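As structure tokens, the structure follows; a few thoughts come after it.
2 protein chains.
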Amino acid sequence: MKSRRVVIVGAGFGGLQAAQSLTDSGADVLLIDRNNYHTFVPLLYQVATGQLEPEYIAYPIRTILRRFSFLQNKPNVQFLMAEVEQIDFSAQTVETDRCVIIYDFLVLATGSRTQFLGVPGASEYAFSMRTLEEAIALRNQIFSCFEQAIQESDSSRRQQLLTFTIVGGGPTGVEMAGAFVEMLRGHLRRDYPTLLKQVRLILVQSSDRLLSDLPKKLGAYTCKRLHQLGVEVYLQTRVSLVTSESVHLQNHEVIPTATVIWTAGLEANSPPTSQEVSLAKKGKLLVHPTLQLLEQPNVYAIGDLAYIENNGKALTGVAPEALQQGVAVAGNIQRQFRGKSLKPFSYFNKGRLAIIGCYSGVGKIGAFAFTGCLAWLMWLGVHLAYLPGYRSRLLVLLTWLHTYLLGDRSVRLILSVKYINSQNRQVLPKEKLHFFPESR
Amino acid sequence: MKSRRVVIVGAGFGGLQAAQSLTDSGADVLLIDRNNYHTFVPLLYQVATGQLEPEYIAYPIRTILRRFSFLQNKPNVQFLMAEVEQIDFSAQTVETDRCVIIYDFLVLATGSRTQFLGVPGASEYAFSMRTLEEAIALRNQIFSCFEQAIQESDSSRRQQLLTFTIVGGGPTGVEMAGAFVEMLRGHLRRDYPTLLKQVRLILVQSSDRLLSDLPKKLGAYTCKRLHQLGVEVYLQTRVSLVTSESVHLQNHEVIPTATVIWTAGLEANSPPTSQEVSLAKKGKLLVHPTLQLLEQPNVYAIGDLAYIENNGKALTGVAPEALQQGVAVAGNIQRQFRGKSLKPFSYFNKGRLAIIGCYSGVGKIGAFAFTGCLAWLMWLGVHLAYLPGYRSRLLVLLTWLHTYLLGDRSVRLILSVKYINSQNRQVLPKEKLHFFPESR
């Protein structure tokens, strides 16, 4: 019998689902990731705003795999923690920083990374929020700004420290803005009562509405709601430059701000390959409807890495798409084992939800668009249900209840500067002041 | 009326307690710490072994202070996050990296730091465990060693990765050894079943018994219990050299080990001062029985920083000592306000507990020494009670129940290499191997 070695690169939603769907397939499966944990990316913003412990949304991959193979005598899915350095389609090898692996079938599920859209200074000074480390670094930055601001006697520098600019009006930017307001209304109000009035929260969006993947009226509702919450929303505005102390807009306005949070663009996070592959925009890999690479019948690409259309429209890169593609790719690989013809992938859209925060959200299920507290509750419920591991689910639920019933967040640690990208760190000159108001 | 500005440096057990005891004293109190959180040091080893989330044992100082001044109209205790760079007793100033503060009374409570006892290589290659960051770095190291070992085909290098050497047989070393065994018996057994038999856990102690601050028979029990748990205990053994791949003992034995955990020595973590101060051994400050510095009547030193005797014997540096000194120092400062004579500090020893792990511990209350499960339970109970914040207490309790009832630990993230001290990181040459057993 022909050997069946399936290598999956990336343990995000798509890769993990493919591995799960290949349990009991008879194939030897190897899942590779650079981390030993799966990151639940949709909740990263709650780590950055100090609501959730990082450990709640990052789950050890070995534990997840163990659950898949719970009933198996000899588990067929193995895990390798390694960085993929080169893929050679002719030799059918994946070269990592640790070892070289030969595959029969390959699933590429390496996701996306932040794209700074060529804006000067953005990659050096803006904070992105795609990994757990980046979310922790952003949390450090936010709380450090408040600690610095409370000691700052110069009012314009204090204003700069207390101005937070979010670039990008997609779901991540909107979630981040809403969660920031929740934080301001919660513990920051108590910890820094004198600073609160000075905080400016700015959301910059290039197009003429927020949440452009959703119906126009939901974007309008979101904009109105954020405005009510005190967020300054700049529509049809592009960023032209980011420095360590300001953000420059294309309309020549300069906003002094110590913190720029970049949620504006993503591009495919392709692994290096020895042979050329056909690319769509944003570096995504072109695939057949069966999810095979155009040139390589035994190589598949799924999730944010692949350019896939559904009913003539490109998929938008949300978790349900990757999950369904993980199932589809596992099915097609097993059809290839048996020499059967492959099935084209078709996406079943269960609906879309986006959370604004402060008890409001927006959603669209089928033709039905809705807003407000119902969408907010549904968002929380759906994300709770999809979290891996009952323990994480319980802890996240407890934390949310604690936050929304008592208005407090406990995760406000500023960890050491080693955690913060040194380039991003703004070193202010030492100020000589007498801390106590009265003179000697 | 004379101004009463009290500055407390360090928000450990002693400093926080002094601040709490000065609430409602009428003085303006400023608490300074380099972190914005209080670290519950006795549970750091549970972070390093992946049992507790770092956030559970680190509590925001501003939240703690808010609780102290719950009933006050205008809180008299302020917080400053800053690094102290110089103290000038003549000018009565504390210079930090942020600002200069003038004090009338000063409480030094900056604790202790790891002392490597002049062993070459120890400061570069051994992991210490005195701060939250160090505990996270050690957790990364332990789990990285297992991830590397499972891919390692060379058996001697695999053995090196799976050998963990703890230097120091005090409470921290013993706790760490026991917690490591718990981890091996729990999730590591499931995640890496093939590796488990190869793990070597070594505890090196210079004197002829463990837990030398406790009665001899408790040390003997601890040694026997650790031996039962599979720990190799080396008594009367000193370390002469630590390298990135081994530890050398003074008896010329060389143990190949990728991880050396240093719990062997502490020294006072004194802030730099413009004037000389009288020092005892290990850099501790000499103080009068009233806790005042010998030369400075308005400066106090408490906790691990100060050399204090009780009944002619030096105090050993545990949390209850620092807590009681925090109360005492607040009392004496208030006596100084009123021109009253000061009281000498006297320590009330409620007893001592040390945990071994795996349901056993040792303890001594008054003349009564006891061992086993009762001591273990008491240790957990006491530490739970002293944790700041009911939320942390609840979460730690839930986590312990989860660990001991279900035998699982969820915090096994290997965060990015930025978290690990780069000097400590051992870069192994890339190995070219075929991951799947069968050949093509």
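Top to bottom, those sequences are chains A and B.
If you use the working numbering, the first sequence corresponds to residues 620 to 1059, in order.
If you use the working numbering, the second sequence corresponds to residues 620 to 1059, in order.
Glycine included, every Cβ here is placed at the ideal spot set by N, Cα and C.
All values reported here derive from a predicted model rather than from experimental measurement.
Residue burial annotation: HIS657 (chain B) is buried, with at least 16 other C-beta atoms found within 10 angstroms of its C-beta. Here PRO908 (chain B) is exposed. Its C-beta has fewer than 16 other C-beta atoms within 10 Å. Within the region 863-935 of chain B, the runs of beta strand (DSSP E) at least 3 residues long that lie entirely inside it are, in chain order, 865-868, 873-875, 878-881, 885-887, 918-920. Going by DSSP, LEU650 (chain B) is part of the beta strand (DSSP E) stretching over 647-652.
Cβ-Cβ distances below 8 angstroms link LEU1016 (chain A) to LEU1003 in the same chain, with the five nearest sequence neighbours on each side left out; the list follows chain order. Taking the Cα of ASN870 (chain A) as reference, the smallest distance to any Cα among A:PHE698, A:LYS901, A:SER859, A:GLY945 is reached at A:SER859. A direct Cα-to-Cα measurement between LYS843 (chain A) and GLY980 (chain A) gives close to 12 angstroms. Residues of the same chain with a CB within less than 6 angstroms of the CB of GLN697 (chain A), apart from the 5 flanking positions on each side, are LEU649 in chain order. Comparing alpha-carbon positions, the option among B:ARG957, B:PRO963, B:ILE984, B:VAL946 lying closest to GLY970 (chain B) turns out to be B:ILE984. With respect to ILE874 (chain B), ILE821 (chain B) sits close: the two C-beta atoms are nearer than 9 angstroms.
Per DSSP, the beta-bridge partners of VAL852 (chain A) are A:LEU822. Contact between ALA920 (chain A) and LEU910 (chain A) holds, since their C-beta atoms are separated by about 7 angstroms, short of 8 angstroms.
In this structure VAL918 (chain B) is in contact with LEU725 (chain B), their Cβ atoms being roughly 5 angstroms apart against a cut-off of 8 angstroms. Nearest Cα to ARG624 (chain B) within the set B:GLU766, B:ALA646, B:THR882, B:THR813: B:ALA646.
From the beta-carbon of MET700 (chain A), the residues of chain B found nearer than 7 angstroms are GLU766. Taking a C-beta distance under 9 angstroms as the contact criterion, VAL786 (chain B) and GLY792 (chain B) qualify as a contact pair.
By the criterion of at least three beta-carbon pairs nearer than 8 angstroms, the region 797-816 of chain B is not in contact with the region 930-948 of chain B. The Cβ atoms of PHE659 (chain A) and TYR1005 (chain A) sit closer than 9 angstroms to each other.
In this structure, DSSP gives LEU972 (chain B) an extended state, which the three-state scheme calls strand. Residues are counted here when their Cβ sits less than 8 angstroms from a Cβ of chain A; for the region 634-665 of chain B these are ASP647, LEU649, ASN654, ASN655, TYR656, given in chain order. Membership of HIS657 (chain B) in the beta strand (DSSP E) is indicated by the continuous run 656-658. The beta carbon of PRO834 (chain A) sits closer than 8 angstroms to the beta carbons of LYS983, ALA988 from its chain, once the five residues preceding and following it are set aside; these are given in chain order. For ILE1033 (chain B), the chain A residues whose C-beta falls within less than 8 angstroms of its own C-beta are ASN654, ASN655, TYR656, MET700, listed in chain order.
When CB distances to chain A are screened at a threshold of 9 angstroms, the residues of the region 810-821 of chain B falling below it are ASP810, TYR811, in chain order. A contact between stretches requires three or more CB pairs, one per stretch, nearer than 8 angstroms, and the region 754-761 of chain A meets this requirement with the region 665-684 of chain A. With respect to ALA973 (chain A), LEU848 (chain A) sits apart: the two C-beta atoms are not nearer than 9 angstroms. Per DSSP, the beta-bridge partners of GLY980 (chain B) are B:ILE974, B:GLY991. Put simply, of B:ILE952, B:ARG685, B:GLY1008, B:THR882 the residue whose alpha carbon is nearest the alpha carbon of THR784 (chain B) is B:THR882. In this structure GLY936 (chain B) is buried. Its beta-carbon is surrounded by 16 or more other beta-carbon atoms within 10 angstroms. Within chain A, no residue has its CB atom less than 8 angstroms from the CB of ARG749 (chain B), the nearest being about 13 angstroms off. Ranked by Cα distance from ASP810 (chain B), the first of B:VAL850, B:ARG954, B:ALA925, B:PHE765 is B:PHE765. Rounded to whole angstroms, the gap between the alpha carbons of HIS806 (chain A) and GLU895 (chain A) is 52 angstroms. By the rule that beta-carbons nearer than 9 angstroms mark a contact, PHE762 (chain B) touches chain A. For SER772 (chain B), no alpha helix (DSSP H) run applies, since DSSP gives it neither H nor E. When 8 angstroms is used as the limit between beta carbons, ARG685 (chain B) is near these residues of chain A: ARG809, ASP810, in chain order. Interface annotation, GLU801 (chain A): not in contact with chain B, CB-CB separation never under 9 angstroms.
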